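What follows is one structure encoded as structure tokens, with my remarks underneath.
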Amino acid sequence: MSTSLLRSTPSSLTNSGRMNLIGTNTHLGILSVSFYHRPSQSCNFKLCFPTSGLCSRLGTGCCVVSATSSKLYENKGVNSRIESQRYTDLKDNMPSSVNILEEQLRDLFNEVHAMIRIGKENEARDLLLANFEAVKEQIDAGNKGIEAAAILDVTALGYMALGDIRTVKPLLDVLSEVVDDLKDEEPLLDLILTHMGNMYEKLENFEMSICVYGRAVKVVERLYGNTSSFIVTPLLGMAKVLGSTGKTKKAIETYHRVVKILESSRGEECEELVVPLFGMGNLLLKERRVTDAENAFNRILTTYMKLYGENDGRVGLSMSYLARVKCAKGDVNEAIDLYKEALRRLKVSDYIAIDDHIMEKMRVDLAELLHAVGRGEEGRMLLEECLLITEKFKGEGHPSSVSHLVNLATSYSQSKLFAEAERLLRMSLQIMFKNVSPDDQSITFPMLHLAVTLYNLNRNEEAEKHALEVLRIRERAFGENSLPVGEALDCLVSIQTQLGKDDGELLELLKRVLKIQEKAFGTDSEEVMETLKEVVYYLEKMGRKHEGLPLERRLSKLRTKYKQMVQY
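Residue numbers (this note's numbering): 147 to 714.
Spelled out as structure tokens, the structure:
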């Protein structure tokens with residue numbers, strides 16, 4: 147019946163659904179793009195630009211090329227330096243005509259991105275549609291060269307910038323057909339494949355993402371060798387997808403390869419190493435290779451300190467990553483000190499806004515650690531700070547404040563101050579009811595916490611009412627065998643036990659919980675072991691010990707397993 151501090155706004159209340167400390171999208175490195183081009187002798191593609199803010203068409207023989215996502219085209223991080231150097235090298239060794247399409251692509255990219263930035267999304271959409279229609283006409287006429295692929299690529303990225311995922315998928319299908327017929331020697335192909343890999347990842351087509359990233363890697367290897375720094379960009383993309391699809395070992399190997407390439411070409415203390423070290427460190431931590439993860443994050447910290455000085459915001463962020471490793475090692479006090487110092491340096495440097503979600507998560511993580519070591523009042527001050535900042539920047543009663551109210555209620559509950567916890571939880575529910583439907587699953591988050599609090603106040607009838615409502619909403623939202631339903635059932639069992647409900651009914655509820663946990667966590671999980679204890683208890687209490695014997699043997703094996711793990 148215990149609860150943890152939240153790391154995000156209300157969503158499904160499960161441990162598996164908790165937001166990770168560091169997300170996959172970080173400020174540390176952003177994929178950059180540069181175009182260079184060798185025109186085909188047989189292609190007469192022309193480019194047209196928007197006129198008076200709108201797309202103009204110059205006839206059936208022209209192709210319009212668009213701007214696209216700033217995140218993919220910004221010159222930031224490891225990829226921008228590598229691609230910029232690559233573009234410069236090629237430009238120096240090619241006639242000026244080679245760069246015409248590249249320059250026009252870049253200009254139109256900037257134009258459409260500017261439209262999106264100032265809110266002229268309809269004009270940007272018109273321009274992108276014109277791109278696709280014009281280039282499709284050329285493709286249907288048999289012009290399936292690299293020029294068509296480049297324009298399709300930029301158009302697809304433009305739709306990604308608009309968040310129009312539904313349009314991107316069929317566009318990628320056409321682009322895929324074009325690049326499948328292109329030889330690996332075509333200039334620009336590896337960059338197009340890298341963009342495709344990124345877009346397929348966003349569409350959650352991970353198999354295709356890995357496939358096109360793999361071809362991009364082979365293209366670069368053939369052109370520049372397998373230790374060229376130009377290979378870094380597609381390798382980083384591939385490693386990210388491998389990691390997110392559970393292929394952790396292969397992802398770590400890929401990150402390690404990137405590290406070796408950059409060390410060889412840029413030096414062992416170059417800033418470009420931060421991106422692969424960060425990705426690798428997170429995966430190593432996930433694999434419980436804590437020492438290796440610590441080495442990776444220590445390198446990031448050392449690099450930033452040497453490049454920017456001890457009080458730079460990047461140093462503060464690096465300390466927060468290292469704090470996670472200290473937690474994994476059990477060095478909680480060291481982790482607390484690192485988090486505190488990280489927050490101090492970030493405030494001093496103004497590197498991140500005070501209301502940024504990264505800062506918020508750091509405060510919540512630190513508060514949770516302080517509660518874990520019995521320093522609840524310190525932790526509560528941080529949680530109150532989170533609430534005050536949210537109310538200052540978003541206003542009182544904003545839905546974003548609900549998670550902080552629930553966190554504060556959890557803190558007060560841990561201090562046995564249940565009346566104050568109840569007050570805060572009722573405030574959070576009032577905010578939720580004003581902003582979402584009464585049957586919305588997000589309401590069940592504070593509602594279940596309220597049920598637990600009322601249980602602790604011995605107001606079990608009222609607690610049961612809320613727990614049953616949570617169960618009803620979650621069964622409809624997630625399915626009867628979902629993990630959020632299992633959590634609600636577990637709470638309901640505790641409440642109904644206090645109410646003296648029939649042992650047979652309680653046993654059936656526990657069996658449901660056990661089935662859900664086995665599916666979610668595995669048959670040998672610690673969660674399953676705890677529920678098995680209760681099932682065996684009720685079977686014995688009801689005189690059905692013969693039914694419990696197989697479960698007792700299973701429980702004995704699990705107890706031995708976890709006892710050995712603790713000793714180790």
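The beta carbon of each residue, even a glycine, is placed where N, CA and C say it ideally should be.
Note that the structure is a prediction, hence the values are computed from the model and not measured.
Does the beta-carbon of residue i have 16 or more other beta-carbons within 10 angstroms, so that it is buried, or is it exposed?
i	result
residue 494	exposed
residue 372	exposed
residue 617	buried
residue 127	Here the chain comprises residues numbered 147 to 714, so residue 127 is not present and cannot be evaluated.
residue 456	exposed
residue 277	buried
residue 361	buried
residue 400	buried
residue 340	buried
residue 718	The chain is shown from 147 up to 714; residue 718 falls before or after that span and cannot be answered.
residue 386	buried
residue 190	Low local confidence applies: a pLDDT of 39 at residue 190 is under 50, so the model's placement there is unreliable, and no value is given.
residue 287	exposed
residue 336	buried
residue 585	exposed
residue 579	exposed
residue 319	exposed
residue 694	buried
By Cβ distance, which residues of its chain are closer than 8 Å to residue i, with the 5 residues on each side in sequence left out?
i	result
residue 454	460 and 461
Give every residue of the same chain whose Cβ lies closer than 7 Å to the Cβ of residue i, excluding the five residues on either side of it in the sequence, and list them in chain order.
i	result
residue 637	147, 594, 597, 598 and 613
residue 615	593
residue 262	270, 307 and 308
residue 517	525, 557 and 560
residue 671	663
residue 206	Low local confidence applies: a pLDDT of 30 at residue 206 is under 50, so the model's placement there is unreliable, with the coordinate-based value given in what follows. Same-chain partners within the cutoff: 283.
residue 398	426, 429 and 430
residue 478	515, 518 and 519
Please state if the CB of residue j and the CB of residue i are separated by a distance shorter than 9 Å.
i	j	result
residue 345	residue 314	yes
residue 403	residue 388	no
residue 619	residue 589	yes
residue 515	residue 485	yes
residue 365	residue 342	no
residue 251	residue 295	no
residue 299	residue 338	yes
residue 686	residue 674	no
residue 374	residue 411	yes
residue 443	residue 471	yes
residue 497	residue 463	yes
residue 506	residue 532	yes
residue 701	residue 682	yes
residue 427	residue 439	yes
residue 291	residue 332	yes
residue 103	residue 391	Only positions 147 to 714 of the chain appear in the structure, and residue 103 is not among them; the question remains open.
residue 680	residue 631	no
residue 436	residue 482	no
residue 432	residue 379	no
residue 492	residue 508	yes
residue 562	residue 501	no
residue 653	residue 643	no
residue 603	residue 566	no
residue 368	residue 330	yes
residue 348	residue 297	no
Could you give the DSSP three-state label for residue i: helix, strand or coil?
i	result
residue 637	helix
residue 435	coil
residue 592	helix
residue 416	coil
residue 541	coil
residue 330	coil
residue 497	coil
residue 521	coil
residue 441	helix
residue 582	coil
residue 456	coil
residue 709	helix
residue 646	coil
residue 701	helix
residue 559	helix
Got a sec? Which residues, its chain only, sit under 6 Å from residue i by beta carbon, not counting five neighbours each side?
i	result
residue 448	none
residue 540	546
residue 627	662
residue 609	597, 600, 601 and 641
residue 199	Below a pLDDT of 50, predicted positions are generally treated as unreliable, and residue 199, at 30, falls in that range; the measurement from the model is reported next regardless. Same-chain partners within the cutoff: 269.
Report yes if the C-beta of residue i is less than 8 Å from at least one heavy atom of the ligand COA; otherwise report no.
i	result
residue 439	Judged by which ligands are present, the structure shown has none, so any question about the ligand COA falls away.
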